[in-house]
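**Student:** Sharing a structure with you now.
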Amino acid sequence: MTTAELTPEYHRALQHLERNLDELHIFPRRSISPDMLLDNNMQLIEIYSGEKMSNKQFPKGSFWRWNQTKRRREAFLNARNAVVSFAKFTPRRSSKKNNDELPSLKLWHFELKYTDCPQVIYHILWCEKGYNTLPSFSTFDVSMDDLTFLIPFMPNDAAQELFPNHYPQQCPKMHVQQSCNDPRYW
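Below, the structure is given as structure tokens:
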């Protein structure tokens with residue numbers, strides 16, 4: 004699908020991604036942080052081939068979960084030589100029995116693959132419409148995955164010991180114009 008075929012809303016979301024992508028590549032994450040639901044928050048999560056990410060991993064409320072509103076769209080980013088697949092999500096009740104008012108949120112999920120390094124997939128989440136402050140009723144648990152952003156600031160042996168499943172094995176710290184095949188990044 005070309006960008007000309009996108010609806011204006013999807014086109015704006017894609018433009019927002021392109022404007023912010025370079026900054027997001029500076030500190031990629033290995034998991035979604037709980038503050039993802041704050042208004043206009045964006046996070047880039049780096050996933051290696053074999054790993055999966057789904058909307059079940061997105062932060063959610065106690066009585067609602069995320070619902071994909073329409074089919075995923077796909078576009079090619081010429082300037083980055085990358086393919087992006089993306090969709091919009093809104094809250095949906097977890098149970099029909101629950102009558103609590105749904106929060107007015109809008110979340111975009113982008114899946115980005117650079118053609119020169121397809122084994123690394125970047126998932127970018129953008130909370131276009133979110134909370135000003137996180138609600139007190141949120142059921143966010145802090146796990147070791149939430150702390151993986153600390154890996155770049157730790158000694159290698161400590162990072163490997165504390166985060167054995169998250170320690171980069173291939174194409175570490177890919178930045179915009181780098182290539183997996185470049186031996187400087189092995």
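So for the sequence shown, this note's numbering puts the first residue at 4; every next one is plus one.
Even glycine gets a Cβ: it sits at the ideal position worked out from N, Cα and C.
1) What is the C-beta distance between Ser-34 and Asp-148, in whole angstroms, given that I count them as a contact (C-beta under 8 Å)?
2) Determine the closest residue to Leu-192 out of Ala-78, Asp-160, Ser-107 and Leu-20, with distance taken between C-alpha atoms.
3) Just verifying my parser: in three-state terms, what is the DSSP assignment at Phe-166?
4) Contact check, Leu-47 vs Pro-31 under 8 Å by CB: the rounded distance?
5) Count the other CB atoms within 10 Å of the CB of Leu-153; is the residue buried (16 or more) or exposed (fewer)?
6) Distance, Cα to Cα, Arg-43 vs Leu-137?
7) Let me make sure I understand the geometry here. Which of Tyr-13, Met-45 and Leu-40 has the alpha-carbon closest to that of Glu-26?
8) So Lys-132 and Ala-85 are in contact, right, with Cβ under 8 Å, and what is the actual spacing, rounded?
9) Relative to the C-alpha of Arg-15, which candidate in Lys-99, Ala-78 and Gly-64 has its C-alpha closest?
10) From Thr-72 to Lys-109, what distance separates their C-alpha atoms?
11) Can you check whether the CB of Asn-70 is closer than 8 Å to the CB of Phe-92?
12) Based on DSSP bridge pairs, tell me the residues matched to His-112.
13) Is any beta-carbon of chain D found at less than 8 Å from that of Leu-17?
14) Taking all protein chains shown into account, decide if Gly-64 is buried (16 or more other Cβ within 10 angstroms of its Cβ) or exposed.
15) Give me the Cα-Cα distance between Arg-83 and Phe-61, rounded to the nearest whole angstrom.
16) Grouping DSSP H, G and I as helix and E and B as strand, with all else coil, what is Phe-66?
**Tutor:** Reading it off the structure:
1) Translated into positions along the sequence shown, residue 34 becomes position 31. Translated into positions along the sequence shown, residue 148 becomes position 145. Between Asp-148 and Ser-34 the Cβ distance is about 4 Å, and since that is below 8 Å, they are a contact.
2) The structure shown does not extend to residue 192, since the chain is modelled only from 4 through 189, so no value can be given for it.
3) Residue numbering aside, residue 166 sits at position 163 when the sequence shown is read from its first letter. Residue state, collapsed to three classes: coil.
4) As a position in the sequence shown, residue 47 is number 44, starting the count at 1. As a position in the sequence shown, residue 31 is number 28, starting the count at 1. Going by Cβ atoms, the distance from Leu-47 to Pro-31 rounds to 5 Å, so yes, they are a contact pair.
5) Taking the sequence shown and counting its residues from 1, the one referred to as residue 153 is at position 150. Classification of Leu-153: exposed, given that the 10 Å Cβ count is below 16.
6) Stepping through the sequence shown from its first residue, residue 43 is reached at position 40. Stepping through the sequence shown from its first residue, residue 137 is reached at position 134. The question names Arg, but residue 43 is Asn in the sequence shown. Answer to the nearest angstrom: the Cα atoms are 13 Å apart.
7) If you number the sequence shown from 1, residue 26 lands on position 23. When only C-alpha atoms are compared, the closest one is Met-45.
8) In the sequence shown, counting from the first residue as 1, residue 132 sits at position 129. In the sequence shown, counting from the first residue as 1, residue 85 sits at position 82. In fact, because the Cβ distance is near 26 Å, the residues do not count as touching under 8 Å.
9) Stepping through the sequence shown from its first residue, residue 15 is reached at position 12. When only C-alpha atoms are compared, the closest one is Ala-78.
10) Position 69 of the sequence shown holds residue 72. Position 106 of the sequence shown holds residue 109. Roughly 10 Å between the two C-alpha positions.
11) Taking the sequence shown and counting its residues from 1, one reaches residue 92 at position 89. Taking the sequence shown and counting its residues from 1, one reaches residue 70 at position 67. Yes.
12) Position 109 of the sequence shown, counted from the start, is the residue given in the question as residue 112. Ala-90 and Leu-128.
13) Although the question refers to chain D, the structure presented lacks it and comprises just one protein chain.
14) Counted from its first residue, the sequence shown places residue 64 at position 61. Per the 10 Å Cβ criterion, buried.
15) Working through the sequence shown from its first residue, we reach residue 83 at position 80. Working through the sequence shown from its first residue, we reach residue 61 at position 58. So the alpha carbons of these two residues sit roughly 26 Å apart.
16) The residue you call residue 66 lines up with position 63 of the sequence shown. In this structure, Phe-66 counts as coil in the three-state DSSP scheme.
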